[in-house]
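Colleague: Below is one structure. I have some questions about it.
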Amino acid sequence: MSDPITHGRTVATPVQASVDVVIVGSGASGAVVASHLAREGLSVVVLEEGGHYTPEEYGALTPSQSLRRIAREAGLCTAVGVGDTPLIAVMAGKCVGGSSVLTGGVCFRIPDEVLHGWSRDLGLTGMTSDALAPFFEDVEERVHVETVPLTMRSRGTELFVEGAAKLGIPMHSLRRNTHACKGAARCNFGCPNRAKMSVDISYLPDAFAHGARLYSDALVEKIDIAGGVARGVRGRFLDGETGEPRVAFEFRAKLVVVACGSMHTPVLLRRSGLDHKDIGRHLTLHPAFRVGALFDDEVAGWDGALQSVYSDHFLEHDGFTLVGVYSAVNVLSAAFPGVAGHYRKLVREMPRLAIFGGMVHDDGGGRVHRWLSREPLVLYKMIARDKARLMKGIQTVAKMAFAAGAREVMLPIFGMPTVTKPSDLDFLVEHSPSARKVECMAFHPLGSAKMAIDRSGGVVKPTGETWDVDNLIVADGSVLPTSIGVNSQLPIMAVATKIARGLCADWSRYARRAA
Amino acid sequence: MANAAPQSSRSKFSPHVALHVRDYRRTTFGPGHRRVLRAFAEALFYDETAPFAPGQLDALVEDCDDFVSRASKTLRFGLVGILLVMRWLPPFLVRRFSTFEELSLADRVAMLERMDRGAPPLPLLVVAYKTLLAMLFFEAPRELAAMGYPGPERSRWKRALPVAPIENHAP
Numbered sequence: 118m119s120d121p122i123t124h125g126r127t128v129a130t131p132v133q134a135s136v137d138v139v140i141v142g143s144g145a146s147g148a149v150v151a152s153h154l155a156r157e158g159l160s161v162v163v164l165e166e167g168g169h170y171t172p173e174e175y176g177a178l179t180p181s182q183s184l185r186r187i188a189r190e191a192g193l194c195t196a197v198g199v200g201d202t203p204l205i206a207v208m209a210g211k212c213v214g215g216s217s218v219l220t221g222g223v224c225f226r227i228p229d230e231v232l233h234g235w236s237r238d239l240g241l242t243g244m245t246s247d248a249l250a251p252f253f254e255d256v257e258e259r260v261h262v263e264t265v266p267l268t269m270r271s272r273g274t275e276l277f278v279e280g281a282a283k284l285g286i287p288m289h290s291l292r293r294n295t296h297a298c299k300g301a302a303r304c305n306f307g308c309p310n311r312a313k314m315s316v317d318i319s320y321l322p323d324a325f326a327h328g329a330r331l332y333s334d335a336l337v338e339k340i341d342i343a344g345g346v347a348r349g350v351r352g353r354f355l356d357g358e359t360g361e362p363r364v365a366f367e368f369r370a371k372l373v374v375v376a377c378g379s380m381h382t383p384v385l386l387r388r389s390g391l392d393h394k395d396i397g398r399h400l401t402l403h404p405a406f407r408v409g410a411l412f413d414d415e416v417a418g419w420d421g422a423l424q425s426v427y428s429d430h431f432l433e434h435d436g437f438t439l440v441g442v443y444s445a446v447n448v449l450s451a452a453f454p455g456v457a458g459h460y461r462k463l464v465r466e467m468p469r470l471a472i473f474g475g476m477v478h479d480d481g482g483g484r485v486h487r488w489l490s491r492e493p494l495v496l497y498k499m500i501a502r503d504k505a506r507l508m509k510g511i512q513t514v515a516k517m518a519f520a521a522g523a524r525e526v527m528l529p530i531f532g533m534p535t536v537t538k539p540s541d542l543d544f545l546v547e548h549s550p551s552a553r554k555v556e557c558m559a560f561h562p563l564g565s566a567k568m569a570i571d572r573s574g575g576v577v578k579p580t581g582e583t584w585d586v587d588n589l590i591v592a593d594g595s596v597l598p599t600s601i602g603v604n605s606q607l608p609i610m611a612v613a614t615k616i617a618r619g620l621c622a623d624w625s626r627y628a629r630r631a632a
Numbered sequence: 111m112a113n114a115a116p117q118s119s120r121s122k123f124s125p126h127v128a129l130h131v132r133d134y135r136r137t138t139f140g141p142g143h144r145r146v147l148r149a150f151a152e153a154l155f156y157d158e159t160a161p162f163a164p165g166q167l168d169a170l171v172e173d174c175d176d177f178v179s180r181a182s183k184t185l186r187f188g189l190v191g192i193l194l195v196m197r198w199l200p201p202f203l204v205r206r207f208s209t210f211e212e213l214s215l216a217d218r219v220a221m222l223e224r225m226d227r228g229a230p231p232l233p234l235l236v237v238a239y240k241t242l243l244a245m246l247f248f249e250a251p252r253e254l255a256a257m258g259y260p261g262p263e264r265s266r267w268k269r270a271l272p273v274a275p276i277e278n279h280a281p
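Protein chains in written order, with the numbering used here: chain S, 118 to 632; chain L, 111 to 281.
The structure is reproduced here in structure tokens:
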């Protein structure tokens, strides 16, 4: 069998082909759909804008080398804050496997109360806990979701748990899609041990085994639509030296599945002529924060699972989740305050650093716009409620750090020196500083082409098909109708599974329409 | 890479991995931008107890250019814009009628501290490049060792390994 992956940047002549299904994007949702449809015996082509790197390749890269190759915008994507809103760094993958290669591997099902809201308030009766359970079970088995054992907790995480216990905050072990994790604590740059079951390791090989093909470095520029039906896609392969579009391709297909993620799906839909009012709106991000804590004893936070515990203690009333986190030490070094000698001295405290973090269950205050380059302009307006959640979340994890015995705490506020006692944290809630001074990041952009039971409420039907164009399916996180408050990888894959199974069951109807 | 001697970023791959090297050859920073960036890096990382190795800052600037050149035109435009703003800020921030790269090291450090503690968007100008440069600067083996990072070897996962029975060879 020939190699199922073609490196687009090596293609010298235009490519044209006809297939049953073309899928735009090879991440958590595109790979799932590809696997299910290929198993059904359909001819499937997956087009991925990013490059292809094997686990052995990306696992051998340093963190910065990894970011510049497998992350969108080399890891420098940002959502621009509108009003009193932080500038939010948004991490997304741009490689074969998409963001699944860059996640911490944390797996949650969608909380029942969120699903209850979807079915009760939005009428999405097929999105209940019971209805989605088989899809979650299927994904969990295929990506080997397991509970992180106590032995894999880093010393930093143990301190996080100790601090929480002293404040009466219950912590729980996380579940992750790993197999034989060795605690390299650099999941966000590609697992060096092939232990994270990202879709390039789990779903895509299955799709290839059933005949699917994939082109990397393939930028889809437009979905071809005729007579209200999607007919295929066209675009250009990216040049290996300049990164600019070069050789053209065109794939005719009976079904087009868009799975570019919440920041790029709206751009492609708009560029293809769709004009639904909700395309690009209602983006949620789960703004995340982290607090650094310096201890007297060595922590060596790099030894252990990147993420292994969480607490939903504050989710219902205060709207934030606490999560144990870490990252590569050179990336963490930017979190230390100050410049010059003072800064360098603090960085040398790295072995005594633990990181405590959390994320806000936010409202849909984001918007994705097409603008000057291929990358979208993402604007985000944080509502007052979410800003209060953010400040209380920061204060809470900082208090946990002190409770765990930290001697100094570094708040994610620009220009703020380290604080040395819990009472120094009161200002966060009592005299809330400008949110524009808060260092914030996001890993779960969702909801920019949301699902609804009628056209006035959203961009796609509960089946994933767009209301405006037949045989055009959106299967990624952009269809989730609201923020979910937990890590989104597993929910995206479960919803993609549901959509994919629906496509298989209804294939004859889609094929008839395409004829 | 911010190493003792300037070197191409391509040499940072682990030698046993046969990568399809697809490095983009485009660049972002012109000579003027590089001078501002180098002056910024020198002030940001200056520490009298840990002097820079020969060529370290030049290699850092080169690596930073390679990094940001992967990004989109708009983002690169924004990053270049920040350097231009930084270049012409001294008269307004530290009352020196010179460009940033011509300031003394002490004045550059003072200016960065002032920006870091200032009102938005001034801190963002510092943070944008501090994030980038710190990631690249502290990735060098020399700097990792200086901060006490032991390398990729991990031990915690071994705690879950089964313990092999010890055979009794006693006579």
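C-beta: ideal position from N, C-alpha, C; glycine also.
Since the structure is predicted, the reported quantities are computational estimates derived from the model, not experimental observations.
#1: Against SER182 of chain L, what residues of chain S qualify as contacts under a CB-to-CB distance less than 8 angstroms, listed in chain order?
#2: When DSSP builds the beta bridges, which residues end up paired with LEU496 of chain S?
#3: Taking 9 angstroms as the CB-CB cut-off, is ARG269 of chain L touching chain S?
#4: Have a look at PHE406 of chain S and MET380 of chain S and give me their C-alpha separation to the nearest angstrom.
#5: Would LEU204 of chain S count as contacting chain L if we go by Cβ distances under 9 angstroms?
#6: Select from L:SER214, L:LEU215, L:ARG224 and L:PHE150 the residue whose C-alpha is nearest the C-alpha of ILE192 of chain L.
#7: Which residues of chain S have a Cβ atom closer than 8 angstroms to the Cβ of PHE248 of chain L, listed in chain order?
#8: Please give the ranges of any alpha helix (DSSP H) in the segment 503 to 549 of chain S, keeping only runs that are unbroken, at least 4 residues long and fully inside the region.
#9: Starting from the Cα of GLU166 of chain S, find the closest Cα among S:GLY198, S:ARG618, S:GLY215 and S:ALA505 and give me that residue.
#10: Look at the alpha carbon of MET245 of chain L and the alpha carbon of ASP479 of chain S, and state the distance between them as a whole number of angstroms.
#11: Between which residues of its own chain and ILE122 of chain S is the CB-CB distance below 6 angstroms, once the five residues before and five after are set aside?
#12: Could you confirm whether any beta carbon from chain L is found closer than 9 angstroms to the beta carbon of LYS554 of chain S?
#13: Can you name, in chain order, every residue of its own chain whose Cβ lies under 6 angstroms from the Cβ of ARG132 of chain L, other than the five neighbours on each side?
#14: Report yes or no: do three or more beta-carbon pairs, one from the segment 552 to 566 of chain S and one from the segment 479 to 494 of chain S, lie closer than 8 angstroms?
#15: Alpha carbon to alpha carbon, what distance is there between ILE187 of chain S and ALA566 of chain S?
#16: In whole angstroms, what separates the C-alpha of THR137 of chain L from that of ASP176 of chain L?
#17: Using a Cβ-Cβ distance under 9 angstroms, would GLY191 of chain L count as near chain S?
#18: Report the partner residues of LYS313 of chain S according to the DSSP bridge assignment.
#19: Would you say SER214 of chain L faces chain S, with C-beta separation under 9 angstroms as the test?
#20: Assuming contact is defined by CB atoms lying nearer than 9 angstroms, are GLY273 of chain S and VAL416 of chain S in contact in what I supplied?
#21: Does any CB atom of chain L fall closer than 9 angstroms to the CB of LYS299 of chain S?
#22: So MET269 of chain S contacts chain L; which residues on that side make the cut at Cβ distance below 9 angstroms?
#23: Buried or exposed: which applies to PHE187 of chain L, given that a residue is buried once 16 or more other Cβ atoms fall within 10 Å of its Cβ?
#24: Just how far apart, CA to CA, sit ASP201 of chain S and VAL213 of chain S?
#25: Could you name the residues of the same chain whose beta carbon sits closer than 8 angstroms to that of LEU213 of chain L, not counting the 5 residues immediately before and after it, in chain order?
#26: Would you mind telling me which residues of chain S sit closer than 8 angstroms to PRO275 of chain L, beta carbon to beta carbon, in chain order?
#27: With distance defined between alpha-carbon atoms, name the residue in S:LEU284, S:GLU275, S:LEU204 and S:PRO266 nearest to ARG292 of chain S.
#28: Is the segment 579 to 588 of chain S in contact with the segment 425 to 441 of chain S, if contact means three or more CB pairs nearer than 8 angstroms?
#29: Buried or exposed: where does GLN606 of chain S fall if 16 or more other Cβ atoms within 10 Å of its Cβ makes it buried?
#30: Report the three-state DSSP secondary structure of TYR170 of chain S (helix, strand or coil).
#31: Which one of L:ASP157, L:SER179, L:ALA153 and L:ALA163 has the shortest CA to CA distance from PHE139 of chain L?
#32: Just to check my reading of the structure: CYS557 of chain S and PRO404 of chain S have Cβ atoms closer than 8 angstroms, yes? What is that Cβ distance to the nearest angstrom?
#33: Just to make sure I have the definition right: I need the residues of chain L whose C-beta is within less than 7 angstroms of the C-beta of ARG461 of chain S. Which are they?
#34: Could you pull out every residue in the same chain whose Cβ sits closer than 7 angstroms to the Cβ of ILE318 of chain S, ignoring the five residues on either side in sequence?
#35: For ARG330 of chain S, which residues does DSSP report across the bridge?
#36: Run through DSSP, which three-state label would GLU263 of chain L get?
Modeller: Concretely, from the data shown:
#1: Simply GLU190, SER490, ARG491 and GLU492.
#2: Partner(s): S:VAL197 and S:ARG484.
#3: Under the 9 angstroms criterion on CB atoms, ARG269 of chain L is classed as interfacial with respect to chain S.
#4: Taking the straight line joining both Cα atoms gives about 21 angstroms.
#5: Yes, because at least one Cβ of chain L sits closer than 9 angstroms to the Cβ of LEU204 of chain S.
#6: Closest by alpha carbon: L:PHE150.
#7: Under the 8 angstroms cutoff, chain S gives VAL446, ASN447, SER450 and VAL464.
#8: Whole alpha helix (DSSP H) segments, 4+ residues: 544 to 547.
#9: Nearest C-alpha to GLU166 of chain S: S:GLY215.
#10: When rounded, the distance between both Cα atoms is 29 angstroms.
#11: Around ILE122 of chain S, the same chain offers HIS169 and LEU331 as residues with beta carbons nearer than 6 angstroms, after the five sequence neighbours per side are excluded.
#12: True, the Cβ-Cβ gap to chain L drops below 9 angstroms.
#13: Its pLDDT being 47, under 50, ARG132 of chain L is placed unreliably by the model, and the measurement read from it follows with that caveat. Around ARG132 of chain L: no qualifying Cβ.
#14: At 8 angstroms Cβ cutoff, the stretches touch.
#15: Taking the straight line joining both Cα atoms gives about 25 angstroms.
#16: For the pair THR137 of chain L and ASP176 of chain L, the Cα-to-Cα distance works out to about 7 angstroms.
#17: Taking Cβ atoms only, chain S never reaches closer than 9 angstroms to GLY191 of chain L, which makes this a no.
#18: Beta-bridge partners of LYS313 of chain S (DSSP): S:THR295.
#19: No Cβ of chain S is located within less than 9 angstroms of the beta carbon of SER214 of chain L.
#20: It is a contact, given that the beta carbons lie within the stated cut-off.
#21: A Cβ of chain L is located within less than 9 angstroms of the beta carbon of LYS299 of chain S.
#22: Taking a Cβ-Cβ cut-off of 9 angstroms, the neighbours of MET269 of chain S in chain L comprise ARG266, TRP267, ARG269 and ALA270, given in sequence order.
#23: It counts as exposed.
#24: One C-alpha to the other measures close to 36 angstroms.
#25: So the qualifying residues of the chain are ALA149, PRO200, VAL204, ARG206 and MET221.
#26: What PRO275 of chain L touches in chain S: nothing, since even the nearest Cβ is about 20 angstroms away.
#27: For ARG292 of chain S, the nearest C-alpha among the options comes from S:PRO266.
#28: Counting Cβ pairs under 8 angstroms, fewer than three are found: no touch.
#29: Classification for GLN606 of chain S: buried.
#30: It is coil, neither helix nor strand.
#31: Per the Cα distances, L:SER179.
#32: So it is a contact: roughly 5 angstroms between Cβ atoms.
#33: When 7 angstroms is used as the limit between beta carbons, ARG461 of chain S is near these residues of chain L: PHE155, ASP157 and ALA160, in chain order.
#34: Once the five neighbours on either side are set aside, the close Cβ partners of ILE318 of chain S are PRO172 and ARG311.
#35: The beta-bridge partner set that DSSP reports for ARG330 of chain S consists of S:VAL162.
#36: It is coil, neither helix nor strand.
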